[in-house]
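J.: Note that numbering that gives the first Met the number 0 gives residue 53 to position 54 of the sequence shown, counting from 1, and the numbers run on in steps of one.
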Amino acid sequence: MVNLAPIPDELGESIFSQMAALATTTGAVNLGQGFPDGAGPSAMLAAANEAVDAGLNQYAPSIGLKPLREQIAAQRADRYGTRYNPDTEIVVTAGATEAITAAVMALCEPGDEVAMFEPYFDSYAAATKMAQATRRAIPLTATPAGFEFDPTVFADALNDRTRVLIFNSPHNPTGKVFTVDEMREIARLCAERDVIIISDEVYEYLTYDDARHVPMATLAPERTVSVSGIGKTFSATGWRVGWACAPEPIVAKIASVKQFLSFTVNTPFQIGATTALRDCLNWVESLRISLQSRRDVLTRALRDAGINVYPTSGSYFLQTDARSFGEEDGMAFCLDIAHKAGVVAVPSVAFYDHVDTGRHLIRLAFCKDEATVKEGAERLIKYHRSR
Ligand code: GLN
Numbered sequence: 000m001v002n003l004a005p006i007p008d009e010l011g012e013s014i015f016s017q018m019a020a021l022a023t024t025t026g027a028v029n030l031g032q033g034f035p036d037g038a039g040p041s042a043m044l045a046a047a048n049e050a051v052d053a054g055l056n057q058y059a060p061s062i063g064l065k066p067l068r069e070q071i072a073a074q075r076a077d078r079y080g081t082r083y084n085p086d087t088e089i090v091v092t093a094g095a096t097e098a099i100t101a102a103v104m105a106l107c108e109p110g111d112e113v114a115m116f117e118p119y120f121d122s123y124a125a126a127t128k129m130a131q132a133t134r135r136a137i138p139l140t141a142t143p144a145g146f147e148f149d150p151t152v153f154a155d156a157l158n159d160r161t162r163v164l165i166f167n168s169p170h171n172p173t174g175k176v177f178t179v180d181e182m183r184e185i186a187r188l189c190a191e192r193d194v195i196i197i198s199d200e201v202y203e204y205l206t207y208d209d210a211r212h213v214p215m216a217t218l219a220p221e222r223t224v225s226v227s228g229i230g231k232t233f234s235a236t237g238w239r240v241g242w243a244c245a246p247e248p249i250v251a252k253i254a255s256v257k258q259f260l261s262f263t264v265n266t267p268f269q270i271g272a273t274t275a276l277r278d279c280l281n282w283v284e285s286l287r288i289s290l291q292s293r294r295d296v297l298t299r300a301l302r303d304a305g306i307n308v309y310p311t312s313g314s315y316f317l318q319t320d321a322r323s324f325g326e327e328d329g330m331a332f333c334l335d336i337a338h339k340a341g342v343v344a345v346p347s348v349a350f351y352d353h354v355d356t357g358r359h360l361i362r363l364a365f366c367k368d369e370a371t372v373k374e375g376a377e378r379l380i381k382y383h384r385s386r
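1) Mind checking who glycine 228 pairs with in its DSSP beta bridge?
2) Please find out if some non-hydrogen atom of ligand 1 comes closer than 8 Å to the beta-carbon of alanine 19.
3) How about asparagine 171: is its Cβ closer than 8 Å to a heavy atom in ligand 1?
4) Verify the contact flag: phenylalanine 146, CB atom, against every heavy atom of ligand 1, threshold strictly below 8 Å.
5) DSSP three-state label for alanine 364, please.
6) Can you tell me the Cβ-Cβ gap for proline 169 and threonine 206, rounded? I've got them flagged as a contact below 8 Å.
7) Starting from leucine 157, follow its DSSP beta bridges and name the residues at the other end.
8) Please state the DSSP three-state secondary structure of phenylalanine 116.
9) Roughly how far, in whole angstroms, is the beta-carbon of leucine 276 from the beta-carbon of glutamine 70, given that I think they are within contact range, below 8 Å?
10) To the nearest angstrom, how far is it from the Cα of threonine 263 to the Cα of alanine 59?
11) When you measure from the CB of serine 16 to every non-hydrogen atom of ligand 1, does any distance come out below 8 Å?
12) Less than 6 Å between C-beta atoms, sequence neighbours within five positions excluded: which residues of the same chain meet that for aspartate 368?
13) Which residues share a DSSP beta bridge with serine 198?
14) Return yes when the Cβ of leucine 286 is within less than 9 Å of the Cβ of threonine 232, no when it is not.
15) I think alanine 114 touches alanine 154, with their Cβ atoms under 8 Å apart; what is that distance to the nearest whole Å?
16) Tell me whether valine 343 counts as near ligand 1, meaning its Cβ is closer than 8 Å to at least one heavy atom of that ligand.
17) From which residue to which residue does the beta strand (DSSP E) around phenylalanine 34 run?
18) Would you check if the region 74 to 87 and the region 210 to 217 touch, i.e. whether three or more CB-CB distances between them fall below 8 Å?
19) Taking the Cβ atom as the reference point for each residue, do valine 283 and valine 28 lie within a distance shorter than 9 Å?
20) Jot down the residue ranges of each uninterrupted alpha helix (DSSP H) in the region 301 to 346, minimum 4 residues, whole runs only, in chain order.
21) Is it the case that the Cβ atoms of valine 250 and histidine 212 are separated by a distance below 9 Å?
22) Measuring only from the beta carbon, is phenylalanine 439 closer than 8 Å to any heavy atom that is part of ligand 1?
23) What residue does the alpha helix (DSSP H) around phenylalanine 15 start on, and which one ends it?
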C-alpha cells in the first residue's frame, strides 16, 4: 500500500453528490442538488449540436472563443453598463466553479485569508484549501425577514491577512439578494483593506419580486472579479461554461492558472453559449417567472402546514427548518426524510463552520418541475403531520 495523507475535509465527497446518491438509492423526490428539470432554449441546444456535426471539436483558445468573449462583454455592458475588453479582461472557464478556484489560486498566497459569508457554497472552502489559504466564515443571521448581513461583524472579520472576499448574490444556499446599500458597505470596507472581491453571480437573472441583482463590479470595478456562467441562466448546468471578468492584470493571473486546470473549455458548448447570450436572453425571463411561481408553490404549501420557511428572493433555493418537524439536527433529519418521507433535501450545516448556527437549517431546491415541487411539498407535509 502506498502511504497517502488523508483527503482533507474540504475536499471530501460533496454534500450534493452524497444527497444525489441518496435520491438514487431511495427513489425519493429530489429537492437536493440544484439543477433544473427543464431544458434550455432550443436555439442554444441546436447550436451546440450543429457545432459537433460541423466538426468543431478541437481545442478552443485557452481564454475561450473570441465570439463568446465578445458576447459576454456585450451582455455585461448592455445589462449593467460595465465594460470589459474581450481580449484581455474576460476568461472563459469550465463553469463558474473553475473561475472561482482559478481566481483564489491565482490571487492568494499560502497563509492569506479568504473571507466568505456563511452559509457558503462548498467549493469556496475547497478552493481556499487548495490555495493553502485560510477560510474565514462570516455569519449571516437567519431572521423571519430572511438572512441578514451585519456590517460590524463583517468589518471585524477583515484583517491584515485578508486577501479575497468571495461574495455571492443571489446567494446559494439562502436565496438572499444583497441590497445595494449592503453591497456599498462591503465594497467600501474591501477598498479600505485592499481586499479583492470574487463576485459569484451565477443566479444573476434569477431574482424574484422586487429584488434586483446589482453586480459588485458597478461598485468596486478595480477590485472585483465578476463570475457567472450559462448553467443557471440557460438551464444547462452540465455544460460547464462559465467566465470571469476583471481588470486586465487580474484576468492575466486567473488565465495563467486556468491554463493548467482545464486548459480550455469544450468548443461546441462555447458555441452554444455564444448563441444563448446573443439570441436567447428573452427566454430567461420566462424561466425567472416560472421559478418564482414554483418558489411560491413550495413556500405557501409548507407555511400553510405550519412549517417555517425563510423568505428567499433569488436563486434556486429556500431554507426551511428541521425544528418545525421537532428535529434539531438537520443532517439526521435529511437522512431520515429520504427514507421516511421520500424527499431528498440538503442539510445546510454542510455550508457552516459555526455549525451550531446552521445545524437546524435545511435547503430545498424549487428548480424542479412544478409537479415534482408539489409532490415534494405534499410528502414533507404528510411527514410533518405524522410527527
Ligand atoms: N450549484 C448546485 C447546488 O448548489 C450544484 C452543486 C454541485 O453539485 N456541485 O446544488
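The C-beta atom is built at its ideal place from N, Cα and C for all residues, glycine as well.
T.: Let me lay it out:
1) In the DSSP output, where bridge partners are listed per residue, glycine 228 has Gly241.
2) Checking the Cβ of alanine 19 against ligand 1 gives yes.
3) Answer for asparagine 171: yes, Cβ within range of ligand 1.
4) Annotation for phenylalanine 146 indicates a beta carbon at 8 Å or more from all heavy atoms of ligand 1.
5) In the three-state reduction of the DSSP assignment, alanine 364 falls in the strand class.
6) That belief holds up - the Cβ atoms of proline 169 and threonine 206 are roughly 6 Å apart, short of 8 Å.
7) In the DSSP output, where bridge partners are listed per residue, leucine 157 has none listed.
8) Taken through DSSP and simplified to helix, strand or coil, phenylalanine 116 comes out as strand.
9) The C-beta distance from leucine 276 to glutamine 70 rounds to 4 Å, short enough to fall under 8 Å.
10) In a straight line, the C-alpha of threonine 263 is about 6 Å away from that of alanine 59.
11) It does: the Cβ of serine 16 is within 8 Å (strictly closer) of some heavy atom of ligand 1.
12) In chain order, Asp36 place their CB closer than 6 Å to the CB of aspartate 368, counting only its own chain and leaving out the 5 sequence neighbours on each side.
13) According to DSSP, which records beta bridges pairwise, serine 198 is partnered with Phe166 and Ser225.
14) When the beta-carbon positions are compared, threonine 232 and leucine 286 come within less than 9 Å of each other.
15) Not quite, the Cβ-Cβ distance comes to about 11 Å (not below 8 Å), so this is no contact.
16) No, the beta carbon of valine 343 sits no closer than 8 Å to any heavy atom of ligand 1.
17) Per DSSP, phenylalanine 34 lies in no beta strand (DSSP E) and is assigned neither H nor E.
18) Enough Cβ pairs lie closer than 8 Å, so yes.
19) Contact flag unset, no.
20) Entirely contained in the region 301 to 346, the alpha helix (DSSP H) runs reaching 4 residues are, in chain order, 329 to 339.
21) With a cutoff of 9 Å on beta-carbon distance, valine 250 and histidine 212 are scored as not near each other.
22) Look at the range of the chain in this structure, 0 to 386, and you will see that residue 439 is not part of it.
23) Phenylalanine 15 -> alpha helix (DSSP H) spans 14 to 25.
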